[in-house]
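Colleague: I am attaching a structure below and will ask some questions about it afterwards.
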Amino acid sequence: MTLQVNDLYFSYKSNEVLNGISFQATEGSLLCVLGRNGAGKSTLFRCVLGLLKGWRGQILIDGVDASELSPVQLAGKISYIPQNHSTAFSYSVLDMVLMGTTARLNRFENPGKQERKLAEASLDLVNIRHLRDRNFQGISGGEQQLVLIARALAQQTRVIIMDEPCSNLDYGNQIKVMKAVKDLAKQGYLIIQSTHNPEHVFLFADEVMVILDGIIGAMGRADEILSEELLREIYGIHVNLHEIKERRLKFCIPDQREVSYVEAL
Amino acid sequence: MKDSKHIKIRMSGLAVLLAVCFFGSFLMGKYAIDPVTLVKILLSRVVELPVDWTVQDETVLFNVRLPRVIMGAVIGGGLACAGAAYQGIFQNPMVSPDILGASNGAAFGAALGLFFSIGYQAISVSAFLFGIMAVVIVLAISRRVKFNVTLELILAGIMVGSIFNAGVSYLKLVADPTDTLPAITYWLMGSLASTRTQDVFFAGPPIIIGILPILLLRWRLNVLTMGDEEARTMGINAKVVRTIVIGGATLITAAAVSVSGLIGWVGLVIPHFARMIVGDDYRVMLPASVLLGSSFLLVVDNFARMLATREIPIGILTAFIGAPFFLYLILKEGGRQ
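This is the structure we're talking about:
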């Protein structure tokens, strides 16, 4: 499965958000998207997911033009994991995962035995079968995120798009969710996720894409392209990069000489 | 989380409750009919039986009570169904079936009919058409909005609803205070007292036609409560599902108001009650709402005709029961968290 985006432009009224995005990603990879708030990450995702109309350019999924696919067909190719959010009503974990099977059903059909098996297998894939009958609102934020991942797996697509899956999660849950995501990429899924945490990119990403004001600033392996200069360009602060030699792992911390952002009293 | 066996038992319980309320309602009223006679009269339509009941028994049963009981059951189930569906598509548990102005429009249509004394059947037709027209106007307004469709729908619904409300007030102001004004006022209070067989044939079909697509789409309502965009990424065209549901709910509400006047609170409270019993999953919650709504309206209608020497408009009673019950639910929810 290949996702190819060519010269993608999008604007809200007169506000240009995407100014010609082109990239290609293939399955078996975790692609992280970095960019400051408002850089166009979510807009890019929403164009690819068919949630926004009026973009110019080309989005090809395995060579097929995405704009010619119906919602059901598109849902068979790309699934979406939203940021964790509250719902007005409470469903069991199994029912939440079952929702991922909706694209397989006829308009007036309820999920049946086959769909339930699929949902349970998806719960197994992220090791949360024990949560099957729990109430979705009664489990922890990290567990909820895993349930949403299982829901995407039940949708049986090779491409999964995640919008900041780790926001609102505590440190332990962030790592658990990222590890699960990484495992899925190893199993052959293409996972595209936006993140605000460069550490996660260094730790888990196979590839990173940097979006600066609606264009791709850089794309490649994290330890090759993420430099102090680029991070400063993304976030507007000075960052120091360090490397732990024995783990061949880079990490960044904010520069200590940084000027204070709060006026002295 | 309640397991599926548990839910099956509870659903059967609700079905039995409805059966009891349905047959029980035949027996109750100013003119009492005892259970044995009831069964005999009903059976006599199928098999030959020696007649040991009065003609009056039979007249009351078939011409007065039967249409009233059927209408009560259908309207109660329909309004609960419409309310539950609206709460799902607007992702808001505080929404009731009149949110898009259907009942305000229907009330205006009825008031207009009463004002011009166009006749009993014509009044129902007028109410029904105006109810549908109100929602069509709301949909037309919301079509022009690109962002946050559900909020725009609700705002447009409130706006259109209050315009029709103002229309009703104006008609009351200019109506003849000796006969037309009281007629409009009583009509708006909501009552099943004057239900005739022809009403059942007029309002029954649209209500049942409205309930069917909603029941069939109940799994998709679950997915739609995740929000339009999320639902779309799972292969659901939110706009299409929502339009079908709005169409069904509007048929139900307009038809209900056109024969019974304004009966409030059923569509808001019953879905919550159903959720308490079977959980939030629309696959069971929606049928449970229909059963419970029917039972509820039948019971309340029995009180409406038994409680005082003259009929109490049922709309007053549903408000008297519904509002405190709703408060109880809110307090109970609040206490659980």
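Here the protein sequences line up with chains H and S, keeping their order. Anchor point for the first sequence: position 259 equals 275 in the numbering used here, and the numbering is continuous, going up by one each time. Anchor point for the second sequence: position 122 equals 111 in the numbering used here, and the numbering is continuous, going up by one each time. Beta carbons are placed, not taken as given, at the ideal position from N, Cα and C, and that holds for glycine.
When you compare the CB of R272/S with every CB in chain H, is at least one pair closer than 8 Å?
Modeller: So, interface residue.
Colleague: Kindly identify the DSSP beta-bridge partner or partners of I319/S.
Modeller: None; I319/S has no bridge partner.
Colleague: Quick check on F39/H - is its C-beta less than 8 Å from some C-beta in chain S?
Modeller: F39/H does not count as touching chain S.
Colleague: Taking a cut of 8 Å between CB atoms, which residues from the region 51 to 81 of chain H lie near chain B?
Modeller: Annotation note: the requested chain B is absent from the structure, which comprises protein chains H and S.
Colleague: Between I64/S, N211/S and I(-2)/S, which lies nearest to V289/S when the distance is taken from Cα to Cα?
Modeller: Among I64/S, N211/S and I(-2)/S, the Cα nearest to that of V289/S is on I64/S.
Colleague: Have a look at C268/H and G66/H and give me their C-alpha separation to the nearest angstrom.
Modeller: For C268/H and G66/H, the distance between alpha carbons rounds to 35 Å.
Colleague: Between S92/S and F152/H, what straight-line distance do the alpha-carbon atoms span, to the nearest angstrom?
Modeller: Their Cα atoms are separated by approximately 36 Å.
Colleague: Quick one: what's R72/H bridged to in DSSP?
Modeller: In the DSSP output, where bridge partners are listed per residue, R72/H has Y25/H.
Colleague: Which of helix, strand or coil does DSSP assign to G36/H?
Modeller: Reduced to three states, the DSSP call for G36/H is strand.
Colleague: Strictly by DSSP, which residues pair up with D165/S?
Modeller: Looking at the DSSP assignment, D165/S forms no beta bridge with any residue, so it has no partner.
Colleague: First and last residue of the beta strand (DSSP E) that includes E223/H?
Modeller: Residues E223 to L228.
Colleague: I believe I305/S touches M178/S by the beta-carbon criterion, under 8 Å. Please report the beta-carbon distance rounded to the nearest angstrom.
Modeller: With 8 Å as the limit, I305/S and M178/S qualify as a contact, their Cβ atoms being about 6 Å apart.
Colleague: Helix, strand or coil: how does DSSP classify K29/S here?
Modeller: Correct three-state label for K29/S: helix.
Colleague: Hey, how far is the Cα of Q326/S from the Cα of T298/S?
Modeller: No answer about Q326/S holds up, because its pLDDT of 48 lies below 50 and its placement is not dependable.
Colleague: Just grab the DSSP bridge partners of A11/H for me.
Modeller: Absent from the structure is residue 11/H, since the part of chain H shown begins at 17 and ends at 281.
Colleague: Should S283/S go down as buried or exposed, given a rule of 16 or more other Cβ atoms within 10 Å for buried?
Modeller: Its Cβ being crowded by 16 or more others within 10 Å, S283/S is buried.
Colleague: So, E203/S versus A74/S, is the Cβ gap smaller than 8 Å?
Modeller: Here residue 203/S is Ile; the residue named in the question, Glu, does not match the sequence. Contact: yes.
Colleague: Below 9 Å on C-beta distance, what does P82/S contact in chain H?
Modeller: Under the 9 Å cutoff, chain H gives A104 and F105.
Colleague: I want to verify the contact list: residues of chain H whose CB lies under 8 Å from the CB of L206/S, in sequence order.
Modeller: Ordered by position in chain H, the residues that pass the 8 Å Cβ test against L206/S are R123 and F124.
Colleague: Mind the definition here: the region 250 to 257 of chain S touches the region 310 to 324 of chain S only if three or more C-beta pairs lie below 8 Å; say whether that holds.
Modeller: Output reads yes: the region 310 to 324 of chain S touches the region 250 to 257 of chain S.
Colleague: Please list the partners that V212/S has in chain H, where partner means a Cβ-to-Cβ separation under 7 Å.
Modeller: Result: M115 and T118.
Colleague: Which residues of chain H have a Cβ atom closer than 8 Å to the Cβ of D269/S, listed in chain order?
Modeller: F105, S106 and Y107, listed in chain order.
Colleague: Does DSSP classify M(-10)/S as helix, strand or coil?
Modeller: No answer about M(-10)/S holds up, because its pLDDT of 44 lies below 50 and its placement is not dependable.
Colleague: In the DSSP output, which residue or residues are listed as bridge partners for P171/S?
Modeller: DSSP output for P171/S lists no bridge partner at all.
Colleague: Which residue marks the beginning of the alpha helix (DSSP H) containing F79/S, and which one marks its end?
Modeller: First-last for F79/S: undefined, no H or E at that position.
Colleague: Judging by CA-CA distance, which residue of I75/H, L219/H, V142/H and V255/H is the nearest neighbour of C48/H?
Modeller: Of the listed residues, the one whose Cα sits closest to C48/H is L219/H.
Colleague: Please say whether G77/S and T214/S have beta carbons closer to each other than 8 Å?
Modeller: Yes, the Cβ-Cβ distance between T214/S and G77/S is below 8 Å.
Colleague: Tell whether a beta-carbon distance below 8 Å holds between L60/H and I37/H.
Modeller: In contact: L60/H and I37/H (Cβ atoms closer than 8 Å).
Colleague: Does the region 100 to 119 of chain H touch the region 169 to 189 of chain H, meaning 3 or more C-beta pairs lie closer than 8 Å?
Modeller: Output reads yes: the region 100 to 119 of chain H touches the region 169 to 189 of chain H.
Colleague: Going by Cα to Cα distance, which pick from H212/H, E223/H and E244/H is closest to G54/H?
Modeller: Out of H212/H, E223/H and E244/H, H212/H has the C-alpha closest to the C-alpha of G54/H.
Colleague: Hey, W71/H and L19/H: beta-carbon distance below 8 Å or not?
Modeller: Not closer than 8 Å, so no.
Colleague: If G230/H sits next to V64/H, beta carbons under 8 Å apart, how far is it from one beta carbon to the other, in whole angstroms?
Modeller: 15 Å between Cβ atoms; not a contact.
Colleague: Taking DSSP's pairing of strands, which residues face D179/H in a bridge?
Modeller: Answer is S210/H, bridged to D179/H.
Colleague: Below 8 Å on the Cβ atoms is my contact criterion, and I expect A244/S with F153/S to pass it. Report the Cβ-Cβ distance as a whole number of Å.
Modeller: That belief does not hold up - the Cβ atoms of A244/S and F153/S are roughly 17 Å apart, past 8 Å.
Colleague: Helix, strand or coil for F267/H? Go by DSSP, reduced to three states.
Modeller: Of the three classes helix, strand and coil, the one that applies to F267/H here is strand, per DSSP.
Colleague: Please classify L3/S: does DSSP put it in a helix, a strand, or coil?
Modeller: Three-state DSSP puts L3/S in a helix.
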